[in-house]
Amino acid sequence: MNITQILFWFLSALTVFSALMVVVSKNPVYSVLWLIFTFFCISGHYIMLNAQFLFIVNIIVYAGAIMVLFLFVIMLMNLNQSSEPKKHRWLRMAGVVAGGCLLLVLVAALKNIDIKKQVAETNTGDIGLIGNLGKVLFNQYVVPFEISSILFLSAMVGTVVIGKKE
Amino acid sequence: MNALLLTAVFGVIMMLSSFLLTSKTAIRGLAVSGMVIVLAANVLEMMGIVFFKIDTKDMIAFDRFSLLFNSIVFISTLVYFLLSARDMEKVGINYGEYFALIFFVLCGVTLSSSFHSLLILFLGIEIISIPLYILTGSDKRNLKSNEASLKYFLLGAFSTGLMLMGIALIYGATGTFSTNGITTSPTSALVIAGMLLLMFSMAFKVSAAPFHFWTPDVYDGAPTVFTSFMATIVKVAAFIAFMRLFNDEFGSLQSRWQLLIALITAITLFIGNITAVFQQSVKRMLAYSSISQAGFMMMAIFAMNADAREGLLLYSAAYCLATIGIFAVLMKLKDYSFDGFNAFAKQQPLLAATTTIFLLSLAGIPLTAGFLSKFWMIKAVAGTGKYLWLVIFAVLMAVVSVYYYFRVIQAMYFKEGDGQTIEASLPFKWTLVLLAGIIVLLGVFPNWIIYWLYF
Amino acid sequence: MGASSLIVLMIAAVAFSGIAILISKFVLKATTNKQKGEPYECGIPTKGPSWVQFNVGYYLFALIFLIFDVELIFLFPWAVVVKQVGWLALVEIVVFFFILFMGFLYAHKKGALKWM
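Read top to bottom, the protein sequences are chains A, B and C.
Number 16 in the numbering used here belongs to position 16 of the first sequence; there are no gaps in the numbering.
Start counting at 1 in the second sequence, then tack on 166, and there's your number in the numbering used here.
Start counting at 1 in the third sequence, then tack on 621, and there's your number in the numbering used here.
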């Protein structure tokens, strides 16, 4: 086991642990903080895959902007530790069964993929480099790129329509 | 390409008009003329005149099928604007934005009807969904509207997540986004899992059972004028996307998904029709009726042959026009229950007559477009030669649907009541008469639509 | 160098702060009293729970910030490749930003960027 592998397993364990803590935490603010931690762990994986653009997006957009929104929502709804309603036991069981089914399908699908037995591509992988991504984005994927601006625009109109005080 | 660009441009124009124009009549006029221009540009493209030649790297394919469908959608939206644009004023103060959001939805519709890449499918579905979440919750003072919007947003976001996961798995298996059909290792579990995830998320978007639970609440809670838009144009657009996806990408795997789609179809037909019978509010009945109509449209996905393609186009036209007409009349009433229609025929004989034609078309009575479209669906399923129980079941369910559609007709003509005073302008009445005329004409000459698919 | 230097740095960072905390723990004699827990010259002590409901107004800003944040991300790969792709990239980004500028204009004119 070389040093990158140790790093990989360490990060993976940390990711799973913090993701579990998101669900387990009773206090919603703690959940958000654990979620930010999860994002940082995943960003660590991106760095190890030499995917710098994803790393930046994950930090700036997810851990930065979206988590601010999450916190605002929690503060907006004034969620307290005690205000969480008790769910029915059968409802919980149904949730477990449904989630377990999805897990089963995904595990079955992922089990027979060809894994290249490589956990990290530090300094070698070139697929996530910003330059390569930019070349693909501005040559091959121009049309989806421009269309996504319409998506942003409709989101912006929606924000103003819903959020602005009348 | 014409329609795609112009809908986006008019979305931006309507957005700017919300603060540039102060008169509501001017905004409405702008929206209607914009719709006419978009429609004209799309018809020109069908004749081969393309204004803008953009190399989409084979990601968007505007073929005859999608162009014809776009025309149907634009005509329906034009009718919708003419009938219901005035009612949007009552929803809230953001009059211009509502039109802008509708134009953005139409942009998404053109994308999702002509995608040739899973990426464009995702963008199209998202551009359709996000404005709809907003429109559902646009009646901000109404708690039901807020609840509907939140419910729709959470479930819609979840199903979009499923779709993304499916796209990721398909990409992992094939290494490409373009929908040229699965050629490499069709038995791979990755492909099957991705296909199932895509199927479930699309079934959610078209509100097929068992993914229909959001539909009644959202359609009931949303402002009626936007329910009309959601239940018709957006629903058929999702169906076209569903059909394109399963025709282009998963066509070679038909034997693998056909049984599952048949089951979804049967459950959708059953739940939609049986639950609609027990409804007390016409608006909620129409929500369940939209589920049951979705069941009939699912038969096209199941059959996936030439009849199914023709039938789905005919079905979209018949279903959209009739439902838009009923909702336009419903919006004029204050009481949305069945009793609200009591003695409607005495007070407004013309409106009652047109509403009757719309209801007959939805129920699938001969001489209306609804009958022929249902006939086409059944013909398509029978043409596959498999699962003939589905045909019998569909006919049975169509008979059940007659009950709840005729309940409205019965209330209008044969029940005594005080009758609500409603005001309907003369142009409104004439548009409805024109709409009813189109539905009857399509019921007699369906080739007027199908001809365009092949000429 | 490479990943090994990174992990050495990580270990060093953890060890440095850990050792500092440990030393202070052993060397100092900790005292606790009520006075020590008070905010010293940092405002007045809070009364009741400090969890209060936020104003919806913040949310509008957060949402608009998020949208522009995502847009800005696209500028990053563009800046890296603009020389290689050439004038076409310039046209593409100008179109993209023109559309989004319309959105900005709209938000500004609607008063969405004004406080309340």
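C-beta atoms are modelled at their ideal positions from N, C-alpha and C, and glycine is treated no differently.
Since the structure is predicted, the reported quantities are computational estimates derived from the model, not experimental observations.
Let me know if residue i comes out buried or exposed under the rule of 16 or more other beta-carbons within 10 Å of its beta-carbon.
i: GLU263(B); result: buried
i: ALA711(C); result: For the sequence presented, residue 711(C) should be read as Leu rather than Ala. By the neighbour-count rule (16 or more Cβ atoms within 10 Å), LEU711(C) is not buried but exposed.
i: LEU320(B); result: exposed
i: ASN439(B); result: buried
i: THR667(C); result: exposed
i: ASN27(A); result: exposed
i: THR345(B); result: buried
i: ASN236(B); result: buried
i: MET180(B); result: buried
i: TYR261(B); result: buried
i: TRP9(A); result: exposed
i: PHE504(B); result: buried
i: GLU589(B); result: exposed
i: ARG92(A); result: exposed
i: ARG307(B); result: exposed
i: LEU478(B); result: buried
i: CYS41(A); result: buried
i: GLU662(C); result: exposed
i: MET361(B); result: buried
i: ASP225(B); result: Per the sequence presented here, residue 225(B) reads as Met, with Asp not at that position. Classification of MET225(B): buried, given that the 10 Å Cβ count is 16 or more.
i: SER367(B); result: buried
Over the uninterrupted alpha helix (DSSP H) stretch that includes residue i, give me the two end residues.
i: TRP380(B); result: 380-387
i: GLN5(A); result: 3-24
i: LEU153(A); result: 142-163
i: SER354(B); result: Counting along the chain, SER354(B) falls outside any alpha helix (DSSP H), and DSSP gives it neither H nor E.
i: MET181(B); result: 168-186
i: TRP596(B); result: 592-610
i: GLU692(C); result: 677-706
i: GLY536(B); result: 535-550
i: LEU91(A); result: 89-111
i: GLU476(B); result: 472-498
i: PRO670(C); result: Per DSSP, PRO670(C) belongs to no alpha helix (DSSP H) and is neither H nor E.
i: VAL400(B); result: Looking at the DSSP string, VAL400(B) is not in any alpha helix (DSSP H), and its letter there is neither H nor E.
i: ALA65(A); result: Per DSSP, ALA65(A) belongs to no alpha helix (DSSP H) and is neither H nor E.
i: SER189(B); result: That residue, SER189(B), is in no alpha helix (DSSP H); it is neither H nor E in DSSP.
So is the beta-carbon of residue i under 7 Å away from any non-hydrogen atom of the ligand SAM?
i: ASN50(A); result: This structure lacks the ligand SAM; in fact it carries no ligand of any kind.
Which bits of chain B does residue i rub up against, with CB to CB less than 7 Å?
i: ILE730(C); result: The question names Ile, yet the displayed sequence has Lys at residue 730(C). Chain B residues near LYS730(C): PHE185.
For residue i, does the three-state DSSP call read helix, strand or coil?
i: ILE226(B); result: strand
i: PHE218(B); result: coil
i: SER447(B); result: strand
i: PHE281(B); result: strand
i: SER344(B); result: strand
i: SER373(B); result: coil
i: SER567(B); result: helix
i: SER455(B); result: helix
i: ALA503(B); result: According to the sequence shown, residue 503(B) is Ser rather than Ala. In the structure shown, SER503(B) sits in a strand (DSSP, three-state: E or B).
i: THR124(A); result: coil
i: VAL202(B); result: helix
i: MET391(B); result: With the sequence shown as reference, residue 391(B) is identified as Val, and Met is not the correct amino acid for it. VAL391(B): helix per DSSP, three-state reduction.
i: HIS729(C); result: helix
i: GLU415(B); result: helix
i: ASN312(B); result: helix
i: LEU49(A); result: coil
Using a cut-off of 8 Å between C-beta atoms, extract the partners of residue i located in chain B.
i: GLY158(A); result: LEU267, ILE296, PRO297, TYR299, ILE300
i: ALA108(A); result: ALA355, ALA359
Residues of chain A with a CB under 7 Å from the CB of residue i: which are they?
i: ALA404(B); result: Result: empty, since nearest Cβ-Cβ is about 17 Å, beyond 7 Å.
i: VAL702(C); result: GLY131, GLY134, LYS135, PHE138
Using a cut-off of 8 Å between C-beta atoms, extract the partners of residue i located in chain C.
i: MET181(B); result: MET723, GLY724, TYR727
i: GLU166(A); result: Result: empty, since nearest Cβ-Cβ is about 11 Å, beyond 8 Å.
What does residue i touch in chain C if you count any residue whose Cβ is under 9 Å from its own?
i: VAL574(B); result: Residues of chain C passing the Cβ test: none, with the nearest at roughly 41 Å.
Give the interface partners of residue i over in chain A, defined as CB-CB distance under 8 Å, in chain order.
i: PHE270(B); result: ILE150, LEU153, SER154, VAL157
**Asked** Is it a yes or a no for the segment 603-617 of chain B touching the segment 543-554 of chain B, going by three-plus beta-carbon pairs under 8 Å?
**Response** no
**Message:** Between the segment 650-657 of chain C and the segment 52-60 of chain A, can you find at least three pairs of beta-carbon atoms closer than 8 Å?
**Reply:** no
**Request:** Mind the definition here: the segment 394-402 of chain B touches the segment 236-255 of chain B only if three or more C-beta pairs lie below 8 Å; say whether that holds.
**Result:** yes
**Asked** Contact between the segment 212-228 of chain B and the segment 459-470 of chain B: three or more CB pairs below 8 Å?
**Response** no
**Prompt:** Are three or more beta carbon pairs between the segment 124-131 of chain A and the segment 690-708 of chain C nearer than 8 Å?
**Reply:** yes
**Item:** Segment contact flag, the segment 414-423 of chain B with the segment 298-305 of chain B, C-beta cutoff 8 Å, min 3 pairs
**Value:** no
**Contact the segment 622-640 of chain C vs the segment 557-567 of chain B: 3+ CB pairs below 8 Å** = no
**Prompt:** Does the segment 142-159 of chain A come close enough to the segment 685-692 of chain C that 3 or more CB-CB pairs lie under 8 Å?
**Reply:** yes
**Message:** Within 8 Å, do at least three Cβ pairs link the segment 488-501 of chain B to the segment 509-528 of chain B?
**Reply:** yes
**Three CB pairs or more closer than 8 Å across the segment 448-460 of chain B and the segment 204-211 of chain B** = no
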